[in-house]
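Presented below is the structure to which this report refers.
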Amino acid sequence: MGDPPTRVSQSRMRPLSGGSRRQSAPLSGDSRAARALAPWGKVGAVLLFGVSATLFGYYFARDREDLAARAAFESRVQTASSDLFRHFELPLEVGLSLPAFMSVYPNATAQEFSRFVAPTLERHGSLAALEWAPKVTRDTRAEFEQTHGEIWELDGEGRRIRSPDRDVYYPLAFMAPDIPTVRGLDIAFDEERRAMVERAGSSGQAALSLPFRLVEDPPNVMSVSILAPVPSRVPAAGWEERTLGFTVCLFRLQPLIDEAFRATNLEGLSYILHDVTDSGSPLLLTKSGGFDEISDQPFEWESSVRFLDRSWRIRWRGAPVVPPGLSTSGWVLGFGLVLSIVLAGATFSFLALQRARARALEADRLGSYALKRRLGSGGMGVVYEAEHALLRRPAAIKLIREDASSDLSLERFEREVQATSRLTHPNTVQVFDYGRTPTGVFYYAMEFIDGVTLRELVEGSGPVPAERAKELIRQAAGALAEAHELGMIHRDLKPDNIMVCQRGGIQDFVKVLDFGLVKNRAMTEQTFITKEHAMIGTPEYMAPEAFLGGADLTPASDIYGLGSVLYYLLTGRPPHSAPSLMALVARVTTSDAVPPETALGAPIQKELSQLTMACLSRAPEGRPRDARELLRLLNELPPGEPAWTQLAARRFWEEWMPRFRERAREREDGHVSETKRLAIGPERIVSRA
């Protein structure tokens, strides 16, 4: 979703003295002898802590061995059951999010359906399929079969036959992954399936199927499906008249259970899971391998959970795992002492390596730039503070990660530099030069910004006054207007990619960062570097049209992102949020954000609120068409109260900048330089220094 912005939020380090690679400013005022002894003090502290912890563990282990075994057993199985039931929320969330998409896009194509569900299927291996079964009447059957194929079902002997004539069908139209041989199957062709369809349709709520086995799965892997109705927006008396169709979320139980228990120790435990909704014998869902054989285990515990319209019960058996007290205590004592010594040695080695890397970082250069310290990192690059050896000008150096140095990522990295270097607006981050080291590591130098991102601003000091928010967005819109007039779309506008600082005596000076995802509108589909079906951007700030493919994005998509940033400044939160990506996509594409004054719980200037909501229109044509028009609309807004002046901004920075810098220092603790393995002395390609 783009690399993190180049930022710094604390005072600059002292320049290298005399331009020498080995005469850097001292890191502290301690004497050399004190610094040499400092690692031994930390090693001694680690060793003392390890020995103390070992002795405590030794006596605690002896006392723990006398506790009741049943209490330990019940604690383990209660935790395991909670983990299992919590993991069942995943398919439930997916099963309830998909109907929202189909309700808004009932005429979606198979490609659009597959694109929407593909990220979810890739992330969650327990999901076997996501399907869409629209309602087809006797009158529309011919039209459906002409597009999707014959509507069919199975006879009493399991043979495929053409579905007989009836009033309504619910055939599978789309599915992911696509299985052509299943397309057209009426999901309500027999009594059991018809009862489930009627139960979900009449209640308007999702329904859960009985357990079944997919033909391609082994006998011990059972599956269930969630059937959710998609309501029509046209009122009707009967449930079939007001139902557009049903979505089906089909998932395997065993992979989901394996994932739930991945971090759980099941030694000495066995379980069995049943569907106990209906009277009579419980229906087996799954069980651990040794449940039947371990019948002499003394402890047993069970718990039930309501999963949609059905009840499931898990039953545990187990025996205490209590090794002899002296043996356990002895192992704790011996292992603890050995581990303490190993950790002390590792601490000494780590501190020595850290000091060596720190010395190397002081000496390393990239061309005319001396690297000083690491500022941050992201998916593509690592950013360091640097200084031009002759001009003594501070700069930020961005280097591409070695693990991200594919041909496509290198081309994207170079495109970011070239695109940004074409922009001359004062509110756009300036690029000085770029090049490659002799070993091929790509880097570029840009201006060093001593400020904070809008996210850090809001997280640190809270929502921004309306007049200040207007001024910040006005500057960002000016930078974006230049990009739009050059045919560029930023595509990842968010609070992390906009910084505010003090520049040349001007308070609240804005800088727009990270054109790494920029797209030139003159590029063809083949020349634009993205993965097929990949989402480009940050979901909370992406325009609705971006979730169905980003190749046709327009400047109006950037307006949505900038409007989302304005909303965040005013309220302290993004326009939309959800517990999962699937749910977030559904909210962004199907519902409007609440007005900013509602989210803030306080009045906001009416004209500013209306402009913010216009920028967040789900339809691109409902937004300002580009940044130049947004800039005009911002300038036409009447002044609000209280006014935000340069004096007010100066007082803010005097109060808050020390706090921002302190937080930056805390974040930087523990970072280790990665430049030792970079070749020194790059070949300059372009220079604007």
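Just so we're aligned, residue 412 is where the sequence shown starts under the numbering used here, counting upward by one.
Even glycine gets a Cβ: it sits at the ideal position worked out from N, Cα and C.
Keep in mind the model is a prediction, meaning the values are calculated, not measured.
DSSP beta-bridge partners of K922 = M910
Is the beta carbon of G1033 within less than 8 Å of some heavy atom of the ligand ATP?
-> Absence of the ligand ATP is noted for the structure shown, with no ligands found whatsoever.
Taking all protein chains shown into account, decide if K1017 is buried (16 or more other Cβ within 10 angstroms of its Cβ) or exposed.
-> exposed
Going by DSSP, name the residue or residues bridged to A781.
-> R776 and E798
Using DSSP with H/G/I as helix, E/B as strand and the rest coil, what is E713?
-> strand
Enumerated in chain order, which unbroken segments of the alpha helix (DSSP H) with a length of 4 residues or greater are wholly contained in the region 641-723?
-> 664-671
Assigned exposure category for Y845 - 16 Cβ within 10 Å defines buried = buried
Give the secondary structure of I970 by DSSP, where H, G and I count as helix, E and B as strand, and everything else as coil.
-> helix
Is it buried or exposed for T831, if we count other Cβ within 10 angstroms and need 16 for buried?
-> buried
Counting pairs of Cβ atoms below 8 Å between the region 624-632 and the region 594-602, do you hit three or more?
-> no
In its own chain, which residues sit with a C-beta less than 6 Å from the C-beta of A671, not counting the 5 before and 5 after it?
-> D494, L495 and H498
With a cut-off of 8 Å on the beta carbons, I'd call Y971 and R1034 a contact; round off their distance for me.
-> 6 Å
Note down the Cα distance separating H799 from R826, rounded to an integer number of angstroms.
-> 24 Å
Skipping 5 residues on each side, what residues in its chain have a beta carbon closer than 8 Å to that of G1081?
-> With a pLDDT of 47 at G1081, under the threshold of 50, the modelled position of this residue cannot be trusted; read the value that follows with caution. Cβ neighbours of G1081 beyond the five flanking positions: none.
Helix, strand or coil: which one does DSSP assign to P955?
-> helix
Could you pull out every residue in the same chain whose Cβ sits closer than 6 Å to the Cβ of P990, ignoring the five residues on either side in sequence?
-> none
Please report the residue range of the beta strand (DSSP E) in which R571 lies.
-> R571 to R573
Spatial neighbours of W650 within its chain, please: CB distance less than 6 Å, with the 5 preceding and 5 following residues excluded, ordered by chain position.
-> G612 and S613
List the endpoints of the continuous alpha helix (DSSP H) containing E1047.
-> A1038 to E1047
Report buried or exposed for I917, applying the criterion of at least 16 other Cβ atoms within 10 angstroms of its Cβ.
-> exposed
Cα-Cα separation between E1073 and G745, rounded to whole angstroms = 42 Å
Assuming A797 and L782 form a contact by the criterion Cβ under 8 Å, report the distance between their Cβ atoms to the nearest whole angstrom.
-> 5 Å
Around the Cβ of L891, are there at least 16 other Cβ atoms within 10 angstroms (buried) or fewer (exposed)?
-> buried
Which term fits L764, buried or exposed, when burial requires 16 or more other beta carbons within 10 angstroms of its beta carbon?
-> exposed
Straight-line CA distance for T965 to R1039?
-> 14 Å
Is the distance from the Cβ of T1009 to the Cβ of L981 below 9 Å?
-> no
For G595, is the classification buried or exposed, using 16 other Cβ atoms within 10 angstroms of its Cβ as the cut-off for buried?
-> buried
Please classify A1030: is it buried, with 16 or more other beta-carbons within 10 angstroms of its beta-carbon, or exposed?
-> exposed
Is E831 helix, strand or coil when you go by DSSP?
-> The identity of residue 831 in the sequence shown is Thr, whereas the question assumes Glu. In this structure, T831 counts as helix in the three-state DSSP scheme.
Could you work out which residue in L1044, I1015 and Y952 is closest to T1000 when comparing CA atoms only?
-> Y952
What residues in its chain sit with their C-beta under 7 Å from that of S643, if we drop five residues either side in the sequence?
-> R653, T654 and L655
Taking just the CA atoms, how far does R717 sit from E882?
-> 52 Å
How about L1102 and S537: are their beta carbons less than 9 Å apart?
-> Here the chain covers residues 412 to 1100 and nothing more, so residue 1102 does not appear.
Cα-Cα, which of F657, V632 and M633 is closest to L541?
-> F657
Do R728 and Y682 have their CB atoms nearer than 9 Å?
-> yes
Local conformation of E568 per DSSP, three classes = coil
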